[in-house]
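Novice: Protein chains in written order, with the numbering used here: chain A, 75 to 284; chain B, 75 to 284; chain C, 75 to 284; chain D, 75 to 284.
Protein chains: 4
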Amino acid sequence: MEKVLEKVENRPGRPRCLDARRAILEATWEILGGAGGFADLTMEGIAERAGVGKTTVYRWWPNKASVAAEAFFTRIEPKVRFPDTGSLREDIRLQMKELCKVLTSRNGRVLRALLGGGQSDPELIEAFRSQWMEPRRVKGREILSKAVRSGEMRPDIDLDLALDALYGPIYLRFHVKHLPLDDLFVDQLCDSVFEGLLAKTSARPRSRAH
Amino acid sequence: MEKVLEKVENRPGRPRCLDARRAILEATWEILGGAGGFADLTMEGIAERAGVGKTTVYRWWPNKASVAAEAFFTRIEPKVRFPDTGSLREDIRLQMKELCKVLTSRNGRVLRALLGGGQSDPELIEAFRSQWMEPRRVKGREILSKAVRSGEMRPDIDLDLALDALYGPIYLRFHVKHLPLDDLFVDQLCDSVFEGLLAKTSARPRSRAH
Amino acid sequence: MEKVLEKVENRPGRPRCLDARRAILEATWEILGGAGGFADLTMEGIAERAGVGKTTVYRWWPNKASVAAEAFFTRIEPKVRFPDTGSLREDIRLQMKELCKVLTSRNGRVLRALLGGGQSDPELIEAFRSQWMEPRRVKGREILSKAVRSGEMRPDIDLDLALDALYGPIYLRFHVKHLPLDDLFVDQLCDSVFEGLLAKTSARPRSRAH
Amino acid sequence: MEKVLEKVENRPGRPRCLDARRAILEATWEILGGAGGFADLTMEGIAERAGVGKTTVYRWWPNKASVAAEAFFTRIEPKVRFPDTGSLREDIRLQMKELCKVLTSRNGRVLRALLGGGQSDPELIEAFRSQWMEPRRVKGREILSKAVRSGEMRPDIDLDLALDALYGPIYLRFHVKHLPLDDLFVDQLCDSVFEGLLAKTSARPRSRAH
DNA sequence: GGATAATCGAGACGGTACGTCAAGTCTTCTT
DNA sequence: AAGAAGACTTGACGTACCGTCTCGATTATCC
Numbered sequence: 075m076e077k078v079l080e081k082v083e084n085r086p087g088r089p090r091c092l093d094a095r096r097a098i099l100e101a102t103w104e105i106l107g108g109a110g111g112f113a114d115l116t117m118e119g120i121a122e123r124a125g126v127g128k129t130t131v132y133r134w135w136p137n138k139a140s141v142a143a144e145a146f147f148t149r150i151e152p153k154v155r156f157p158d159t160g161s162l163r164e165d166i167r168l169q170m171k172e173l174c175k176v177l178t179s180r181n182g183r184v185l186r187a188l189l190g191g192g193q194s195d196p197e198l199i200e201a202f203r204s205q206w207m208e209p210r211r212v213k214g215r216e217i218l219s220k221a222v223r224s225g226e227m228r229p230d231i232d233l234d235l236a237l238d239a240l241y242g243p244i245y246l247r248f249h250v251k252h253l254p255l256d257d258l259f260v261d262q263l264c265d266s267v268f269e270g271l272l273a274k275t276s277a278r279p280r281s282r283a284h
Numbered sequence: 075m076e077k078v079l080e081k082v083e084n085r086p087g088r089p090r091c092l093d094a095r096r097a098i099l100e101a102t103w104e105i106l107g108g109a110g111g112f113a114d115l116t117m118e119g120i121a122e123r124a125g126v127g128k129t130t131v132y133r134w135w136p137n138k139a140s141v142a143a144e145a146f147f148t149r150i151e152p153k154v155r156f157p158d159t160g161s162l163r164e165d166i167r168l169q170m171k172e173l174c175k176v177l178t179s180r181n182g183r184v185l186r187a188l189l190g191g192g193q194s195d196p197e198l199i200e201a202f203r204s205q206w207m208e209p210r211r212v213k214g215r216e217i218l219s220k221a222v223r224s225g226e227m228r229p230d231i232d233l234d235l236a237l238d239a240l241y242g243p244i245y246l247r248f249h250v251k252h253l254p255l256d257d258l259f260v261d262q263l264c265d266s267v268f269e270g271l272l273a274k275t276s277a278r279p280r281s282r283a284h
Numbered sequence: 075m076e077k078v079l080e081k082v083e084n085r086p087g088r089p090r091c092l093d094a095r096r097a098i099l100e101a102t103w104e105i106l107g108g109a110g111g112f113a114d115l116t117m118e119g120i121a122e123r124a125g126v127g128k129t130t131v132y133r134w135w136p137n138k139a140s141v142a143a144e145a146f147f148t149r150i151e152p153k154v155r156f157p158d159t160g161s162l163r164e165d166i167r168l169q170m171k172e173l174c175k176v177l178t179s180r181n182g183r184v185l186r187a188l189l190g191g192g193q194s195d196p197e198l199i200e201a202f203r204s205q206w207m208e209p210r211r212v213k214g215r216e217i218l219s220k221a222v223r224s225g226e227m228r229p230d231i232d233l234d235l236a237l238d239a240l241y242g243p244i245y246l247r248f249h250v251k252h253l254p255l256d257d258l259f260v261d262q263l264c265d266s267v268f269e270g271l272l273a274k275t276s277a278r279p280r281s282r283a284h
Numbered sequence: 075m076e077k078v079l080e081k082v083e084n085r086p087g088r089p090r091c092l093d094a095r096r097a098i099l100e101a102t103w104e105i106l107g108g109a110g111g112f113a114d115l116t117m118e119g120i121a122e123r124a125g126v127g128k129t130t131v132y133r134w135w136p137n138k139a140s141v142a143a144e145a146f147f148t149r150i151e152p153k154v155r156f157p158d159t160g161s162l163r164e165d166i167r168l169q170m171k172e173l174c175k176v177l178t179s180r181n182g183r184v185l186r187a188l189l190g191g192g193q194s195d196p197e198l199i200e201a202f203r204s205q206w207m208e209p210r211r212v213k214g215r216e217i218l219s220k221a222v223r224s225g226e227m228r229p230d231i232d233l234d235l236a237l238d239a240l241y242g243p244i245y246l247r248f249h250v251k252h253l254p255l256d257d258l259f260v261d262q263l264c265d266s267v268f269e270g271l272l273a274k275t276s277a278r279p280r281s282r283a284h
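1. Quick one: is A143 (chain C) buried, meaning 16 or more other Cβ sit within 10 Å of its Cβ, or exposed?
2. R180 (chain A) lies in the alpha helix (DSSP H); which residues open and close that run?
3. Within the 7 angstroms Cβ cut-off, does I231 (chain B) reach chain A?
4. In chain order, what residues of the same chain lie with their CB nearer than 6 angstroms to the CB of G160 (chain A), ignoring the 5 residues before and after it?
5. Less than 7 angstroms between the C-beta atoms of I98 (chain B) and A139 (chain B), yes or no?
6. Determine the direct distance from the alpha carbon of V184 (chain C) to that of W285 (chain C), and round the result to whole angstroms.
7. What are the start and end residues of the alpha helix (DSSP H) that includes E216 (chain A)?
8. Just verifying my parser: in three-state terms, what is the DSSP assignment at L272 (chain D)?
9. Residues of chain D with CB closer than 8 angstroms to the CB of A236 (chain C), please, in chain order.
10. Exposed or buried, which one is K77 (chain A) when buried takes at least 16 other CB atoms within 10 Å?
11. Output, in chain order, the set of chain D residues within a Cβ distance shorter than 9 angstroms of E104 (chain C).
12. With DSSP collapsed to three states, give me the class of L237 (chain C).
13. Could you have a look at L79 (chain A) and say whether DSSP puts it in helix, strand or coil?
14. Give every residue of the same chain whose Cβ lies closer than 8 angstroms to the Cβ of G108 (chain A), excluding the five residues on either side of it in the sequence, and list them in chain order.
15. Would you mind telling me which residues of chain C sit closer than 9 angstroms to Y132 (chain D), beta carbon to beta carbon, in chain order?
16. How many whole angstroms separate the CB atoms of H249 (chain D) and R186 (chain D), which I take to be in contact at a CB cut-off of 8 angstroms?
17. Around the Cβ of L92 (chain A), are there at least 16 other Cβ atoms within 10 angstroms (buried) or fewer (exposed)?
18. Are F147 (chain D) and W206 (chain D) close, meaning C-beta to C-beta below 7 angstroms?
19. Round the Cβ separation of G190 (chain B) and G190 (chain A) to the nearest angstrom and send it over; I've been treating them as touching at under 8 angstroms.
20. Starting from the beta carbon of R210 (chain D), find every residue of chain C whose beta carbon is closer than 8 angstroms, and list them in chain order.
21. Considering T129 (chain B), what are the terminal residues of the alpha helix (DSSP H) in which it resides?
22. Within 7 angstroms of any Cβ in chain D, is that where the Cβ of A277 (chain C) sits?
23. List the residues of chain D that P243 (chain C) touches, going by C-beta distances under 7 angstroms, in chain order.
24. How big is the Cα-Cα spacing for G127 (chain A) and R85 (chain A)?
25. Please compile the residues from chain D whose C-beta is within a distance smaller than 8 angstroms of the C-beta of L246 (chain C).
26. Taking DSSP's pairing of strands, which residues face M227 (chain C) in a bridge?
27. Just how far apart, CA to CA, sit G225 (chain B) and A273 (chain A)?
28. Taking the Cβ atom as the reference point for each residue, do V267 (chain D) and M170 (chain D) lie within a distance shorter than 7 angstroms?
29. Closest by CA to L235 (chain B), which one among A:M227, A:L246, A:D158?
30. Can you name the start and end residues of the alpha helix (DSSP H) that P196 (chain A) belongs to?
31. Please list, in chain order, all residues of the same chain as P243 (chain A) whose beta carbon is under 7 angstroms from its beta carbon, the five residues on each side excluded.
32. Where do the ends of the alpha helix (DSSP H) carrying S140 (chain D) lie?
33. Could you list which residues in chain A have their beta carbon closer than 9 angstroms to that of A124 (chain B), in chain order?
34. Candidates D:L162, D:A94, D:G110: which alpha carbon is nearest S194 (chain C)'s?
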């Protein structure tokens with residue numbers, strides 16, 4: 075077999091073996107997708123499944139949370155993209171459905187495990203935020219701010235708060251209630267949050283498109 | 075020391091020692107509140123701190139998640155109650171602030187740890203739902219349904235979805251973003267979700283009281 | 075089922091239940107005969123198999139060694155008897171074969187286990203000596219002393235030493251070497267010890283009857 | 075402290091630490107010599123006293139019997155040697171006294187414990203036979219066969235049977251009867267077994283040297 | 001080309017906690 | 001009072017991983 079070695083700069087010594095790195099992330103991914111999730115993930119297990127010495131794992135990651143985070147986010151990140159339909163509600167709704175599809179898939183299990191581990195591991199939750207949530211937030215804020223400028227959205231609401239209001243219920247269902255995240259749910263959620271829970275006092279005509 | 079023994083019915087055998095039970099839950103509670111949270115909780119540690127044999131712990135609880143759940147929920151449950159001001163928005167807002175106070179306190183740490191453990195332990199998450207969330211939900215649904223009847227709230231929204239919309243953002247902040255949960259946040263959150271995110275197209279006068 | 079109760083004297087309280095005693099000894103016997111021997115014998119196991127409370131076992135025997143000893147010796151003792159042929163060598167030889175038959179049987183396993191346990195339990199080894207070995211010794215000494223009086227055996231040898239010389243090799247084979255104890259072995263052993271190992275210097279006619 | 079590591083062949087991995095091995099055997103030896111003998115020997119105790127992880131003990135020995143056996147036999151084996159006086163009876167008698175001295179000493183306790191454990195542990199008794207008894211037997215057979223050739227001993231007796239006859243009584247006393255093993259006993263034993271128990275029919279003068 | 005340096009695999013090391021088992025004691029109700 | 005039931009403390013069992021370490025082997029750069 076051909077070993078792939080890294081060639082970074084002109085440092086002396088044997089360069090890092092990229093095969094090992096890949097094998098470790100691959101093994102981690104597979105274990106995370108298994109029945110036990112993050113609880114079944116052990117450094118020893120990773121090393122063995124990757125056919126690698128334990129030292130090699132520890133050399134590059136300080137703990138299993140880091141490996142898990144990297145294994146997950148390098149693989150899953152590109153999958154969720156924002157559309158751009160011109161309508162705030164449509165953009166958000168489509169992206170929500172996309173997100174829910176990911177959360178419902180096998181990857182959702184891994185993500186759940188990761189988020190669970192994060193409750194007692196600050197680094198892991200930080201990785202979760204910075205590598206998973208923040209990239210989406212950037213795009214989300216962009217869409218919302220465009221909607222504010224176009225007059226579609228109220229200008230007096232903090233954008234992050236608005237995103238929390240939209241996505242919070244999804245995470246609540248996903249993380250705590252473990253309920254299905256289907257299209258109907260997304261539609262109803264969008265409607266409720268965009269329009270508000272209160273009855274309209276005036277007989278203003280509401281135009282809810284579904 | 076005086077040992078307190080249970081006297082249930084006329085069963086043969088030595089009755090269960092209530093001191094042991096109490097000591098175990100107490101010890102668990104203290105460990106959970108410590109620096110490491112759920113990660114520092116070990117069955118051995120519980121037994122030692124409670125001055126109890128490990129077997130005694132295992133006799134009554136199958137794993138540390140169960141002990142943790144019982145330790146937490148028997149202690150914290152009564153603390154969060156709903157007010158009844160007559161106004162939907164006020165009731166919810168006050169209760170939300172109450173909830174946020176709990177989540178912000180030392181107990182919040184325990185709860186966070188518990189929910190974390192629940193991601194890889196179905197029984198624990200079930201305990202979380204049934205013993206922590208559901209009792210609150212019952213009262214919440216009651217308030218909302220009253221508001222629907224009085225015309226304050228839109229009748230076309232599923233009550234549980236509405237509660238998800240209201241409380242989801244709190245959990246998102248609490249579990250994922252680890253951001254402060256202060257009164258200002260609650261006020262803004264209530265406003266956004268009750269009124270909706272969209273701009274009102276007509277020049278209808280909005281009466282937001284803050 | 076009819077419970078058999080003891081009626082010793084006019085002592086107050088419930089009399090001892092003889093069924094329990096018998097069941098305990100029976101259970102002990104069965105466990106001792108199993109694959110693990112003395113190592114598989116536990117007070118808990120005895121109580122359970124006998125359908126008896128642990129307390130009842132502890133009330134009458136201080137430890138499992140005592141139970142084992144009583145279970146074994148009350149059952150096996152009557153089996154070994156000395157014949158009386160009139161000839162010292164014949165009596166001993168026949169009894170030896172009888173003994174070897176017992177040691178070779180399933181009971182031998184129990185006995186081996188018991189003696190093993192006795193190495194770290196003074197009470198057990200004492201029970202072994204007083205209840206198993208000594209009764210035989212009494213009879214053995216009798217036979218030997220008769221043989222001394224009749225001139226068949228040398229009068230200058232301590233009787234116990236003689237018995238050690240005769241039976242020691244059997245125990246050595248049984249306990250240490252775990253070799254078969256067949257009739258041929260007994261015949262050769264008797265011959266060697268009775269006649270001595272040394273060559274006869276004079277041309278004295280030897281009359282070895284086999 | 076300087077750690078001594080083994081250098082066997084070109085095997086991969088960290089070489090075995092000889093210090094640990096030595097410390098384990100040393101600790102085992104000390105515990106075996108203590109008040110409780112084999113009964114006080116626990117894997118945990120060995121590890122703790124040796125300043126070693128429990129895993130390290132289990133890595134090299136499957137159970138405490140194995141550790142005990144190795145601890146004992148590597149230390150005690152060289153102590154018992156056969157003399158070579160030219161006379162069969164003298165050689166045996168001196169060696170017997172040597173053996174009895176060992177059995178009587180502190181080491182005797184360990185050996186007794188080992189032999190006891192062996193009754194329910196085939197591997198242990200096998201170790202006892204192959205590492206303790208057989209080396210002596212080899213030399214014993216040699217002496218006896220020389221005695222047969224020189225005409226001092228009867229040629230019609232199996233050598234192993236003869237050795238059983240000579241040493242069996244010692245083990246009987248040591249293992250079962252727990253009686254003292256002094257020089258007088260050895261002298262009388264030798265006399266009885268070499269000369270035989272039977273009275274001499276002819277008036278042949280016996281020359282017993284004591 | 002030989003020294004130096006970093007990486008790799010393998011696996012032993014001292015530890016911690018696991019979940020189980022049995023020991024022997026204690027407390028209750030029943031007979 | 002004896003017996004059953006069963007909860008209690010204690011302590012060892014054997015296993016799984018932890019994170020660290022010490023090897024020989026490999027693969028580069030630098031002199």
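Every residue, glycine too, gets a C-beta built ideally from N, C-alpha and C.
Specialist: On the basis of the supplied data:
1. Taking the third sequence and counting its residues from 1, one reaches residue 143 (chain C) at position 69. Flag for A143 (chain C) reads buried.
2. If you number the first sequence from 1, residue 180 (chain A) lands on position 106. Per DSSP, R180 (chain A) belongs to the alpha helix (DSSP H) from 180 to 192.
3. Position 157 of the second sequence, counted from the first residue, corresponds to residue 231 (chain B). Chain A, which has a Cβ nearer than 7 angstroms to the Cβ of I231 (chain B), makes this yes.
4. Position 86 of the first sequence holds residue 160 (chain A). Excluding sequence neighbours, G160 (chain A) sits near nothing in its chain.
5. Position 24 of the second sequence, counting from 1, holds the residue named residue 98 (chain B). Position 65 of the second sequence, counting from 1, holds the residue named residue 139 (chain B). Contact flag unset, no.
6. Past the boundaries of the shown model lies residue 285 (chain C); chain C is included only from 75 to 284, so the question cannot be answered.
7. Taking the first sequence and counting its residues from 1, one reaches residue 216 (chain A) at position 142. Its alpha helix (DSSP H) spans residues 208 to 223.
8. As a position in the fourth sequence, residue 272 (chain D) is number 198, starting the count at 1. Residue state, collapsed to three classes: strand.
9. As a first step, residue 236 (chain C) must be located in the third sequence, where it is residue number 162. The answer, in chain order, is S266, L271.
10. Here residue 77 (chain A) is taken as the residue at index 3 of the first sequence, counted from 1. By the neighbour-count rule (16 or more Cβ atoms within 10 Å), K77 (chain A) is not buried but exposed.
11. For this step, residue 104 (chain C) is matched to residue 30 along the third sequence. Residues of chain D passing the Cβ test: none, with the nearest at roughly 17 angstroms.
12. Position 163 of the third sequence, counting from 1, holds the residue named residue 237 (chain C). Secondary structure at L237 (chain C): helix, using DSSP grouped into helix, strand and coil.
13. Your numbering for residue 79 (chain A) matches position 5 in the first sequence. L79 (chain A): strand per DSSP, three-state reduction.
14. Position 34 of the first sequence, counted from the start, is the residue given in the question as residue 108 (chain A). Cβ neighbours of G108 (chain A) beyond the five flanking positions: D114.
15. As a position in the fourth sequence, residue 132 (chain D) is number 58, starting the count at 1. Going along chain C, no residue has its Cβ under 9 angstroms from Y132 (chain D), so there is no contact; the nearest lies around 19 angstroms.
16. Stepping through the fourth sequence from its first residue, residue 249 (chain D) is reached at position 175. Stepping through the fourth sequence from its first residue, residue 186 (chain D) is reached at position 112. Yes, H249 (chain D) and R186 (chain D) are in contact; Cβ-Cβ is about 7 angstroms, under 8 angstroms.
17. By 1-based counting over the first sequence, the position of residue 92 (chain A) is 18. Classification of L92 (chain A): exposed, given that the 10 Å Cβ count is below 16.
18. Here residue 147 (chain D) refers to the residue found at position 73 when the fourth sequence is read from its first residue. Here residue 206 (chain D) refers to the residue found at position 132 when the fourth sequence is read from its first residue. The Cβ atoms of F147 (chain D) and W206 (chain D) lie closer than 7 angstroms to each other.
19. Translated into the one-based positions of the second sequence, residue 190 (chain B) becomes position 116. Translated into the one-based positions of the first sequence, residue 190 (chain A) becomes position 116. Contact between G190 (chain B) and G190 (chain A) is confirmed by a C-beta separation of about 5 angstroms, below the 8 angstroms threshold.
20. Taking the fourth sequence and counting its residues from 1, one reaches residue 210 (chain D) at position 136. Simply none; closest approach about 12 angstroms.
21. Reading the second sequence from its first residue, position 55 is the one you call residue 129 (chain B). Start and end: 128 to 134.
22. Counting from one through the third sequence, the residue named residue 277 (chain C) turns up at place 203. Because A277 (chain C) carries a pLDDT of 40, less than 50, the predicted location of this residue cannot be relied on, and the following value inherits that uncertainty. So, not an interface residue.
23. By 1-based counting over the third sequence, the position of residue 243 (chain C) is 169. Neighbours of P243 (chain C) on chain D, chain order: D238, A239, G242.
24. Translated into positions along the first sequence, residue 127 (chain A) becomes position 53. Translated into positions along the first sequence, residue 85 (chain A) becomes position 11. Taken atom to atom, the span from the alpha-carbon of G127 (chain A) to that of R85 (chain A) is near 23 angstroms.
25. As a first step, residue 246 (chain C) is located in the third sequence; it is residue number 172 there, counting from the start. Within 8 angstroms Cβ-Cβ: D238, Y241, G242, Y245, L246.
26. Residue mapping note: residue 227 (chain C) aligns to position 153 of the third sequence, counting from 1. Answer is D:L272.
27. By one-based count along the second sequence, residue 225 (chain B) stands at place 151. By one-based count along the first sequence, residue 273 (chain A) stands at place 199. Across the structure, G225 (chain B) and A273 (chain A) are spaced so that their CA atoms are roughly 7 angstroms apart.
28. As a first step, residue 267 (chain D) is located in the fourth sequence; it is residue number 193 there, counting from the start. As a first step, residue 170 (chain D) is located in the fourth sequence; it is residue number 96 there, counting from the start. Cβ atoms of V267 (chain D) and M170 (chain D): not closer than 7 angstroms.
29. Mapped onto the second sequence, residue 235 (chain B) falls at position 161. Checking every option, the nearest Cα to that of L235 (chain B) belongs to A:L246.
30. Here the question's residue 196 (chain A) lines up with position 122 in the first sequence. In this chain, the alpha helix (DSSP H) harbouring P196 (chain A) covers 196 to 201.
31. Within the first sequence, residue 243 (chain A) is the residue found at index 169, counting from 1. Counting only Cβ-Cβ distances below 7 angstroms, and skipping sequence neighbours, we find L263.
32. Within the fourth sequence, the letter at position 66 stands for residue 140 (chain D). Boundaries of the alpha helix (DSSP H) harbouring S140 (chain D): 138 to 150, taken from the DSSP string.
33. Counting from one through the second sequence, the residue named residue 124 (chain B) turns up at place 50. By Cβ distance, chain A contributes nothing, its closest Cβ being about 22 angstroms from A124 (chain B), past 9 angstroms.
34. In the third sequence, counting from the first residue as 1, residue 194 (chain C) sits at position 120. For S194 (chain C), the closest C-alpha among the options D:L162, D:A94, D:G110 is that of D:G110.
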